Structures are given as C-alpha cells and as structure tokens.
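Below is one structure; the comments refer to it alone.
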Amino acid sequence: MRHGVAGNRLSRNSSLRKATVRDLARATLIRQRICTTEAKAKEARKVVEKLITLGKHGTLADKRRAFAILADHGLVSDLFVKTSPRFKDRVGGYTRIIKLGNRRGDNASLAYLELTEKEQIIVSKPKSTAAARKEKMEKPEAALAHEHTHEHKHEHEEEQPKPKAAVKEPVKKDAVKDQVQKPADKASTKKFMGGIRNMFNRGSSSSGK
Numbered sequence: 129m130r131h132g133v134a135g136n137r138l139s140r141n142s143s144l145r146k147a148t149v150r151d152l153a154r155a156t157l158i159r160q161r162i163c164t165t166e167a168k169a170k171e172a173r174k175v176v177e178k179l180i181t182l183g184k185h186g187t188l189a190d191k192r193r194a195f196a197i198l199a200d201h202g203l204v205s206d207l208f209v210k211t212s213p214r215f216k217d218r219v220g221g222y223t224r225i226i227k228l229g230n231r232r233g234d235n236a237s238l239a240y241l242e243l244t245e246k247e248q249i250i251v252s253k254p255k256s257t258a259a260a261r262k263e264k265m266e267k268p269e270a271a272l273a274h275e276h277t278h279e280h281k282h283e284h285e286e287e288q289p290k291p292k293a294a295v296k297e298p299v300k301k302d303a304v305k306d307q308v309q310k311p312a313d314k315a316s317t318k319k320f321m322g323g324i325r326n327m328f329n330r331g332s333s334s335s336g337k
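So that you can map any letter, position 125 of the sequence shown is 253 in the working numbering, and since no number is skipped, the others follow by simple counting.
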C-alpha cells in the first residue's frame with residue numbers, strides 16, 4: 129500500500145528524479161519562466177518555493193541548505209540578494225503554472241512554470257536618425273563654439289611646418305681617392321728626384337777620378 133508517499137516519481141529512480149527537479153528549479157530561478165511538462169512543473173514548483181522561503185530568512189544555515197540543493201555559489205547569492213527580496217510582501221504563492229495544451233508526438237500536457245514577481249528589465253530602443261538630428265540641433269551655441277575652436281586649434285597645429293632635420297652631405301668617392309693617393313704621389317716624386325741626384329753624383333765622381 130502506498131500510504132504517506134507523496135509526489136510523482138516521473139518514471140525515474142531517486143537519483144535521476146532528484147537531478148531533474150534540481151535542474152528545473154535552477155532554470156526557473158535563472159530564467160524566471162520555463163516551459164516543461166505539467167507533471168515536472170508541479171514537482172519543481174515545490175523546490176522553487178522552498179528555496180525562496182530560505183532566501184527570505186537569510187541566515188547562514190539557510191544559505192547552506194540552499195547550496196545543498198542548487199550547488200552553485202553564484203545562484204545562491206542571487207537568490208538571497210535579488211530574487212527573495214522581491215517576495216517580501218508575499219506569504220506564499222511565489223510561482224504559478226500556466227497550462228499550454230498537449231505536445232505533438234507523445235501528447236504530453238505542457239505548462240509554463242514562472243515566478244509571480246519577475247525582475248523588471250528595461251529595454252531601451254536605439255535612437256532614430258530624426259531624434260539624433262533633433263538633439264544635435266538643440267545643442268547650446270557655447271558647446272558648438274567650443275568644438276569649433278578646438279577643431280581650429282588642431283588644424284593650426286597640423287599646418288605648422290615641422291623643423292627639417294639636418295641632412296649630411298654624402299662624401300664623394302673621388303675626394304676619398306684623391307686623399308688616399310696624395311701620400312703615394314709624394315713618395316714617388318721623392319724616389320724620382322733621389323734617382324736623378326744619384327746619377328749626377330756618379331757622374332761627378334767618375335770625372336774626378
């Protein structure tokens with residue numbers, strides 16, 4: 129007999145059922161609304177409401193109990209700081225189930241599981257070109273004058289010529305050759321003159337003999 133046994137087994141053993149319900153509860157807290165079968169939504173709803181109640185208490189023991197279910201420090205922090213404070217004026221009824229009909233294929237009944245108090249998300253539309261032009265026309269004249277002076281300053285700085293770097297004149301190869309060849313020419317002239325003197329000296333010595 130099945131006395132005192134509550135809940136749906138979801139055609140799973142205990143470990144797989146626990147993992148399925150935990151993942152559905154995590155997804156509900158993160159996305160704030162999920163679509164699943166009606167049987168899974170009813171089982172996950174119990175866990176989600178229990179977690180939000182723990183978040184409203186906010187003690188260290190409650191945080192540890194929530195972490196034992198969610199196994200995610202970041203999600204537990206968001207639960208206690210962001211999600212649970214939204215339900216401070218509610219005494220239960222933190223989630224709702226909205227039936228969607230049957231699924232094609234296996235004919236399973238689908239449903240939405242969502243939080244009754246959702247986080248407000250402000251979506252800002254991009255400004256149109258007309259609005260951008262209107263804002264541009266409404267700018268104060270002082271700001272426009274400041275922009276113009278700033279632009280002229282940059283233009284003046286760009287127009288100023290840059291100082292030219294000193295350019296070294298390349299040394300000509302012919303001049304180097306001349307400088308190298310000069311001492312050689314002097315040595316050859318000395319040898320030539322010395323040879324002529326020797327010839328004269330020889331001639332004078334022969335005539336004296």
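Cβ coordinates follow ideal geometry from the N, Cα and C atoms, glycine included. These numbers were taken from a predicted model, which means no experiment stands behind them.
> If we ignore side chains and look at the alpha-carbon of each, how far apart do Ser139 and Arg145 end up?
Replying inline: Rounded to whole angstroms, the separation of the alpha carbons of Arg145 and Ser139 is 8 angstroms.
> Is the beta carbon of Lys227 less than 7 angstroms from the beta carbon of Ala236?
Replying inline: The Cβ atoms of Lys227 and Ala236 do not sit closer than 7 angstroms to each other.
>> Using only the alpha-carbon positions, how far apart do Gln248 and Lys191 sit?
In response: Straight-line spacing of the CA atoms in Gln248 and Lys191 works out to 25 angstroms.
> In the DSSP assignment, what are the bridge partners of Gln187?
Replying inline: In the sequence as presented, Gln is not what sits at residue 187; that position holds Thr. Paired residues: none, contrary to the question.
> Around the Cβ of Thr257, are there at least 16 other Cβ atoms within 10 angstroms (buried) or fewer (exposed)?
Replying inline: Label assigned to Thr257: exposed.
>> Under 8 angstroms, with one C-beta from each stretch per pair, do the stretch 204-211 and the stretch 162-176 reach the 3-pair mark?
In response: Contact between the stretch 204-211 and the stretch 162-176 is absent, because fewer than three Cβ pairs lie under 8 angstroms.
> Who are the near neighbours of Arg214 in its chain, counting only those whose CB is closer than 6 angstroms to its CB and skipping five residues on each side?
Replying inline: Only Glu245 meet the Cβ criterion.
>> Could you check whether Leu241 and Ala147 sit closer than 7 angstroms to each other, using their CB atoms as the reference points?
In response: Cβ distance not < 7 angstroms, so Ala147 and Leu241 don't count as in contact.
>> Could you check whether the Cβ of Arg154 sits closer than 6 angstroms to any heavy atom belonging to the ligand FAD?
In response: Among the ligands in the structure shown, none appear at all, so the ligand FAD cannot be discussed.
>> Just list the residues that DSSP pairs Ile158 with in beta bridges.
In response: For Ile158, which the question treats as bridged, DSSP gives no partner whatsoever.
>> Closest to Leu157 by C-alpha separation, out of Asn326, Ala194, Gly233, would be which residue?
In response: Per the Cα distances, Ala194.
>> Gly233 and Ser212 - do their beta-carbons sit closer together than 7 angstroms?
In response: Judged by beta-carbon spacing, Gly233 lies beyond the 7 angstroms limit of Ser212, meaning their Cβ atoms are not closer than that value.
> With burial defined as no fewer than 16 other Cβ atoms inside 10 Å of the residue's Cβ, what is the status of Glu171: buried or exposed?
Replying inline: Burial call: buried.
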